[in-house]
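Take a look at the structure set out below.
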Amino acid sequence: MSIYSCLSALFLSALLAGCTQFPELDSSQTPGVFDAPYPQLVPLDDLINGAPPRATADMIGSVTGRAAGLRARAVRIKRLPVGPSSGTDRRVAQLRQKAAQLRAQ
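Counted the way mature numbering (1 follows the signal peptide of the UniProt record, and there is no 0) counts, the sequence shown spans residues -17 to -1, 1 to 88.
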């Protein structure tokens, strides 16, 4: 395909895309938006700093307990054997042998 045909195809697709009909966005607003009061402006420092944390002692204890439980679970998972020593190869060999026996029947 030559560069001329590529450019003409691109121009034609851009021309067709320009002919699309846009949806009416004004009719998609909920009723009462035009009559709603303007939002109250707040200082930028309040937005940057954010709200003060509202964590209680119970919440902190709960999250700390969950984190400790997850760390203990991670330690247990790390101890699990992975690879040929885990018995997976032996189990796969047994299943292949059983499949061969079933095919032979």
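We put the beta carbon where it would ideally sit given N, CA and C, even for glycine.
From a predicted model like this one, the values you see are computed outputs, not experimental measurements.
For this session: Note the first and the last residue of the continuous alpha helix (DSSP H) segment covering Tyr(-14).
Result: -15 to -1
Exercise. Between the C-alpha atoms of Arg73 and Thr47, what's the straight-line distance to the nearest angstrom?
Worked result: 41 Å
Problem set entry | Straight-line gap, Gly44 to Ala55 (C-alpha atoms, nearest Å) | 16 Å
For this session: Determine the extent of the alpha helix (DSSP H) in which Asp18 is found, giving its start and end residues.
Result: Unbroken run through Asp18: none, as it is neither H nor E.
Problem set entry | Residue span of the alpha helix (DSSP H) that contains Gln80, given as start and end | 71 to 87
Exercise. Under the three-state reduction of DSSP, which class applies to Gly44: helix, strand or coil?
Worked result: helix
Exercise. How big is the Cα-Cα spacing for Val65 and Arg49?
Worked result: 26 Å
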